[in-house]
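Residues in the sequence shown are numbered consecutively from -19, following our numbering.
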Amino acid sequence: MQIIKGKKELAGAIAGLRAAGRLALVPTMGALHDGHLALVREARRRADSVLASIFVNPLQFNDAGDLDRYPRDEAGDAAKLEAAGCEAVWLPTPGDLYPPGFATSVHVAGITERWEGAHRPGHFDGVATVVTKLFTNVRPDIALFGEKDWQQLALIRRMTRDLDLGVEIVGLPTVRDADGLALSSRNALLSPAERAVAPTLNRTLDAMRTAIREGQSVAAAEQAARDALAAAGFGPIDYVAHVDADSLEPLAQAGDNSRIIAAATLGKVRLIDNRAG
């Protein structure tokens, strides 16, 4: 597996990968788990070559402490990617993507205003900007993302379509531990006691979906979910919502294109999850 560290080196590597045919990109921030590797394995089925990127994007963090605490394991991540079938991994530096004088930000209106956007100011501009930079540098035919960050996935789909970036966006279902907790690099920051409680988030959203499908009002189901999370020890609870899967606008009734999304903090770790409504 090629380990690429500079933009000049990247250009040569891309030429070689493209010679094999269809090129897939799996963007990551490292601290890889089975959810990331599932993206790589699916990329291998859909493309002739797979390149993963590892970049802890400073523009996505509105808390410098959160950026500093984000887990990093470059050597371990590279070994996992090679075992999963990556042909190459790109390790850009902030200077590679945001050189001196960089002054451009990509903003996607509407879809970013609520939920994560409201609680993490600037986060989605950072996501949109870095993904645009990754796409323009790598020029993949296809890029794969997990559904756990549902609002992020919806944003990337909208941005790619609006800007005619020419990349096929594929979302893969959330990979979970046996007890239902969505895999996340942040799970490693949970204490043993918090880790035992964390699957309550998944179970609560399942119960909320069932309640709505059985006729309970959305407002009552949302409040019941918030109460259940609070009783389990979560707090603050940033949102629990039933939304349109594409626009992320709130939905007051069950629908064929709905999504249930939530974000809540357990101890010092903020967890997010979602499922079809």
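Every residue gets a Cβ at the ideal spot worked out from N, C-alpha and C, and that includes glycine. Being a predicted model, the structure only gives us computed values, none of them experimental.
| field | CB of Ser29 within 8 Å of CB of Thr8, strictly | value | Not a contact, by the Cβ cut-off of 8 Å.
| request: Would you grab the beta carbon distance between Ile240 and Arg189 for me? Rounded to a whole angstrom, and I think it's under 8 Å. | output: The C-beta distance from Ile240 to Arg189 rounds to 6 Å, short enough to fall under 8 Å.
| said: Taking its Cβ as the centre, do 16 or more other Cβ atoms sit within 10 Å of Asn42, making it buried, or is it exposed? | reply: Answer is exposed; the Cβ neighbour count stays below 16.
| said: Please report the distance separating the alpha-carbon of Ala59 from that of Leu17. | reply: So the alpha carbons of these two residues sit roughly 11 Å apart.
| query | Do you know how far the Cα of Val147 is from the Cα of Val81? | reply | Rather than Val, the amino acid found at residue 81 in this sequence is Gly. Whole-angstrom Cα-Cα distance: 28 Å.
| task | Would you give the residue range spanned by the beta strand (DSSP E) that Gln233 belongs to? | result | DSSP places Gln233 outside any beta strand (DSSP E), giving it a letter other than H or E.
| For Gly(-4), which of helix, strand or coil comes out of DSSP? | If DSSP states are grouped into helix, strand and coil, Gly(-4) belongs with the helices.
| request: Mind checking who His222 pairs with in its DSSP beta bridge? | output: Beta-bridge analysis with DSSP links His222 to Ile240.
| query | Using the C-alpha atoms, what's the distance from Leu145 back to His222? | reply | Rounded to the nearest angstrom, the two C-alpha atoms are 30 Å apart.
| task | Report the residue from Leu246, Gln203 and Met139 whose alpha carbon sits nearest the alpha carbon of Thr112. | result | When only C-alpha atoms are compared, the closest one is Met139.
| task | Might you give, ordered along the chain, the residues of its own chain that have their beta carbon closer than 7 Å to the beta carbon of Asp226, omitting 5 neighbours on each side? | result | Spatial neighbours of Asp226 in its own chain (CB-CB distance under 7 Å, excluding positions within 5 residues in sequence) are listed in chain order as Ala134 and Asn237.
| query | Which residues in the same chain have their Cβ closer than 6 Å to the Cβ of Phe104, if we skip the five residues on either side of it in sequence? | reply | Within the same chain, Cβ atoms closer than 6 Å to the Cβ of Phe104 are found at Thr92, Gly97 and Leu135, the five residues on either side in sequence being excluded.
| By Cβ distance, which residues of its chain are closer than 8 Å to Leu231, with the 5 residues on each side in sequence left out? | Excluding sequence positions up to five before and after Leu231, its CB lies within less than 8 Å of the CB of Val198, His222, Val223, Asp224, Ser238 and Gly257, all in the same chain and listed in chain order.
| said: Using a Cβ-Cβ cutoff of less than 7 Å, which residues in the same chain neighbour Ala234 once the five nearest sequence positions on both sides are dropped? | reply: Here the set comprises Ile192, Arg193 and Gly257.
| query | Do you know how far the Cα of Glu(-11) is from the Cα of Lys128? | reply | Cα to Cα, Lys128 sits roughly 32 Å from Glu(-11).
| Beta-carbon gap between Pro153 and Leu5 smaller than 8 Å | For the pair Pro153 and Leu5, the CB atoms are not nearer than the 8 Å cut-off.
| In chain order, what residues of the same chain have a beta carbon less than 6 Å from the beta carbon of Glu174, not counting five sequence neighbours either side? | Cβ within range, chain order: Leu246 and Gly247.
| task | Report the residue from Ser165, Ile149 and Arg183 whose alpha carbon sits nearest the alpha carbon of Asp159. | result | Taking only the C-alpha atoms, the option nearest Asp159 is Arg183.
| DSSP three-state assignment for Ser164, whether helix, strand or coil | Coil at Ser164, not helix or strand.
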